[in-house]
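Protein chains in written order, with my numbering: chain A, 183 to 335; chain B, 46 to 122.
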């Protein structure tokens, strides 16, 4: 059973939040992403800033009709990336663990301009509860003792 | 796919950032890029960071880029 350590950072207003560093693979796109693990999110998504970095066509995507969603008070469109997404993480012994997951979305601003992009650049990519359920993952988090990890079957 | 060494290196960068997060935030940095356990670039916005990294010959996809919210920032996810 792989045990995947999570990183605890005081991300906002001194709240301990959980991050999962991963290598994101999708077709020809490869790059690193620091996912925020958010059990309040029903979706796993790449943030617009990651979309920019990986050169997804955010401007064109923002014009397409897609499901709307709100995150941290911002409105986004959520686009499916389809099949072929793999996340590579490391376990507690620093061994790479490959996780295939075909339900990763990509968020684009509802309006694509510099102001909107700058406003939402603090929004990280999110691992949602959908991922935990699909992967039968067990989350252990003790903020006082600074213990956090995911157990995968 | 990336080599095992590359995956481990990226995990180590993330661990380094976690250990130095408060220090980076207290320095007032807004957007930082970390590679091989050190800050290699700073910028005032994400877009500016991407331009700076490309000018430095770095591929932004393989660098840890973090936007550091100020201590007063807060939002409910």
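Don't be surprised by glycine CBs; every beta carbon is placed ideally from N, CA and C. Since this is a predicted model, take the numbers as computed values, not measurements.
Using DSSP with H/G/I as helix, E/B as strand and the rest coil, what is residue 60 of chain B? In the structure shown, residue 60 of chain B falls within a helical segment according to DSSP collapsed to helix, strand and coil.
Could you pull out every unbroken alpha helix (DSSP H) segment of at least 4 residues lying fully inside the region 298 to 328 of chain A, listed in chain order? Whole alpha helix (DSSP H) segments, 4+ residues: 311 to 316.
Taking residue 103 of chain B as part of the alpha helix (DSSP H), name the residues at either end of that continuous run. Counting along the chain, residue 103 of chain B falls outside any alpha helix (DSSP H), and DSSP gives it neither H nor E.
Through-space distance from residue 275 of chain A to residue 293 of chain A, alpha-carbon basis: Between the C-alpha atoms of residue 293 of chain A and residue 275 of chain A there is a straight-line separation of about 43 angstroms.
Looking only at its chain, what residues have a beta carbon closer than 6 angstroms to the beta carbon of residue 70 of chain B, apart from the 5 residues adjacent to it on each side? Taken in chain order, the residues that qualify are 113.
Closer than 8 angstroms by C-beta to residue 214 of chain A: which residues in its own chain qualify, once you throw out the five before and the five after it? Chain order, please. Counting only Cβ-Cβ distances below 8 angstroms, and skipping sequence neighbours, we find 203, 204, 205 and 206.
Compare the C-beta of residue 52 of chain B against all C-beta atoms of chain A and say whether one is closer than 8 angstroms. Residue 52 of chain B has a beta carbon lying within less than 8 angstroms of a beta carbon in chain A.
Which residue's Cα is closest to the Cα of residue 328 of chain A: A:188, A:221 and A:290? Closest by C-alpha distance to residue 328 of chain A, out of A:188, A:221 and A:290, is A:188.
Residue environment, residue 50 of chain B, which counts as buried when at least 16 other CB atoms sit within 10 Å: Counting Cβ neighbours within 10 Å, residue 50 of chain B comes out exposed, since fewer than 16 surround it.
Verify the CB distance criterion: does residue 234 of chain A have a CB-CB separation below 8 angstroms to chain B? At least one CB atom of chain B sits nearer than 8 angstroms to the CB of residue 234 of chain A.
Segments assigned alpha helix (DSSP H), at least 4 residues, entirely inside the region 214 to 285 of chain A: If we require 4 residues or more, the alpha helix (DSSP H) runs fully inside the region 214 to 285 of chain A come out as 230 to 235 and 240 to 243.
For the region 262 to 287 of chain A, which residues have a CB atom closer than 7 angstroms to at least one CB atom of chain B, in sequence order? Under the 7 angstroms Cβ criterion, the region 262 to 287 of chain A contributes 270, 272, 276 and 278.
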